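Enquirer: Protein chains in written order, with my numbering: chain S, 256 to 375; chain F, 4 to 115. Cβ atoms here follow ideal geometry from the backbone N, Cα and C, with glycine treated the same way. Please read all numbers here as calculations on a predicted model, not as lab measurements.
Given below as C-alpha cells:
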C-alpha cells in the first residue's frame with residue numbers, strides 16, 4: 256500500500272533554512288504528481304507547492320514563492336521541499352501528499368506530516 | 004485566487020441525523036477538459052486528512068456510502084445521510100481546477 260514518510264522538520268531560527276524530505280513507497284513514484292500542504296497549529300489546510308510527475312513543472316503558493324523549492328528524485332522515490340528565509344508564519348505541520356494522476360487532479364494519499372517550528 | 008467558502012463553520016449534530024456542508028467557489032471550477040476538480044476531505048482529530056469525494060461526486064474506495072457529494076459550477080455540497088460517531092472531525096473542500104490550489108476553511112462536525 257501507499258506510504259509517505261516525511262522527515263526533516265525541526266526548530267529553526269527566523270531567517271533560517273530547512274529541507275524536508277518525503278520517502279514514498281507502494282506505488283510507481285515517477286508517474287504521479289506530488290504536493291506539499293501545510294497546517295499551522297489549530298488552523299486549516301494550506302497548499303504549499305506541487306511538482307508534476309517528471310519534475311519539470313512546479314507550482315508554488317505566493318506565500319512561499321521565491322523562498323522555497325520543490326523537487327523530486329524519481330530514482331530515489333523521494334520528494335523534497337527546500338525552504339529558506341523562514342518566517343514565524345511558516346511554522347506548521349508539513350504534509351507530503353500524492354496526486355491521483357501524473358498532473359494535479361486530486362490528492363488521494365497523505366503522509367503523517369513533519370513539524371516545522373520557527374523560533375529564536 | 005479562487006476563494007472557497009464553506010458553511011457552516013461548526014455543526015453540532017445528533018447521532019443518526021443527516022448533515023449537509025456547503026462549499027462555494029469564487030469562480031467556476033469547470034476545467035477546460037470538462038471535469039470539475041472539487042474534492043472533499045475529512046480530517047479526524049489528531050489524524051492526517053483523508054479524501055472522501057473526488058471530482059464533486061465520486062466516492063473514494065472504502066468510504067461509506069452515507070457520504071455523498073453533489074453540485075456544479077461554483078456551488079457544492081457534502082452530505083452525510085446518518086452521522087456516526089466516527090464522522091467527528093473537520094471537513095474541507097479543495098479545488099484543483101485553478102492555480103493556486105485552494106481549500107475551504109473547514110467545517111467542524113461534532114456530536115451534541
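Cα separation between residue 360 of chain S and residue 41 of chain F?
Expert: Roughly 9 Å between the two C-alpha positions.
Enquirer: From residue 333 of chain S to residue 321 of chain S, what does the alpha carbon distance come to, in whole angstroms?
Expert: Rounded to whole angstroms, residue 333 of chain S to residue 321 of chain S spans 22 Å at the Cα level.
Enquirer: Taking Cβ positions, are residue 283 of chain S and residue 104 of chain F nearer each other than 8 Å?
Expert: Not a contact, by the Cβ cut-off of 8 Å.
Enquirer: Under the rule that 16 or more other beta-carbon atoms within 10 Å means buried, what is residue 114 of chain F, buried or exposed?
Expert: That one is exposed.
Enquirer: Between the C-alpha atoms of residue 16 of chain F and residue 53 of chain F, what's the straight-line distance to the nearest angstrom?
Expert: So the two alpha carbons sit approximately 21 Å from each other.
Enquirer: Name the chain F residues whose beta carbon is nearer than 9 Å to that of residue 308 of chain S?
Expert: Within 9 Å Cβ-Cβ: nothing; residue 308 of chain S doesn't reach chain F, min ~15 Å.
Enquirer: Write down the C-beta distance between residue 264 of chain S and residue 370 of chain S rounded to the nearest angstrom, noting that I regard them as a contact closer than 8 Å.
Expert: Confirmed, Cβ separation roughly 5 Å.
Enquirer: For residue 45 of chain F, does the count of other Cβ atoms within 10 angstroms reach 16, so buried, or fall short, so exposed?
Expert: It is buried - the Cβ of residue 45 of chain F has at least 16 other Cβ atoms within 10 Å.
Enquirer: For residue 190 of chain F, would you say it is in contact with chain S, using Cβ-to-Cβ distances shorter than 8 Å as the test?
Expert: What is shown of chain F runs 4 to 115, which leaves residue 190 of chain F out entirely.
Enquirer: If you reduce the DSSP assignment to three classes, tell me which class residue 337 of chain S lands in.
Expert: Residue 337 of chain S falls in the strand class under three-state DSSP.
Enquirer: CA-CA distance, residue 109 of chain F and residue 97 of chain F?
Expert: Spanning the two alpha carbons is a distance of roughly 10 Å.
Enquirer: Suppose you measure from the CA of residue 84 of chain F to the CA of residue 11 of chain F; what does that come to, to the nearest Å?
Expert: Straight-line Cα distance between these residues: approximately 17 Å.
Enquirer: By Cβ distance below 6 Å, which residues in the same chain neighbour residue 326 of chain S in space, the five residues on each side in sequence not counted?
Expert: Excluding positions up to five away in sequence, the list reads 335.
Enquirer: Cα separation between residue 275 of chain S and residue 19 of chain F?
Expert: Approximately 42 Å, taken between the alpha carbons.
Enquirer: Compare the Cα-Cα distances from residue 51 of chain F to each of S/337, S/375, S/374, S/366 and report the closest residue.
Expert: When each option's Cα is compared against that of residue 51 of chain F, the closest is S/366.
Enquirer: Using a beta-carbon distance below 8 Å, is residue 103 of chain F in contact with chain S?
Expert: Yes, because at least one Cβ of chain S sits closer than 8 Å to the Cβ of residue 103 of chain F.
Enquirer: Measuring CA to CA, which of F/4, F/49, F/25 is closest to residue 13 of chain F?
Expert: Of the candidates F/4, F/49, F/25, the one whose C-alpha sits nearest the C-alpha of residue 13 of chain F is F/25.
Enquirer: Taking only the alpha-carbon atoms, compute the straight-line gap between residue 106 of chain F and residue 28 of chain F and give it to the nearest angstrom.
Expert: Going by the C-alpha atoms only, they are around 10 Å apart.
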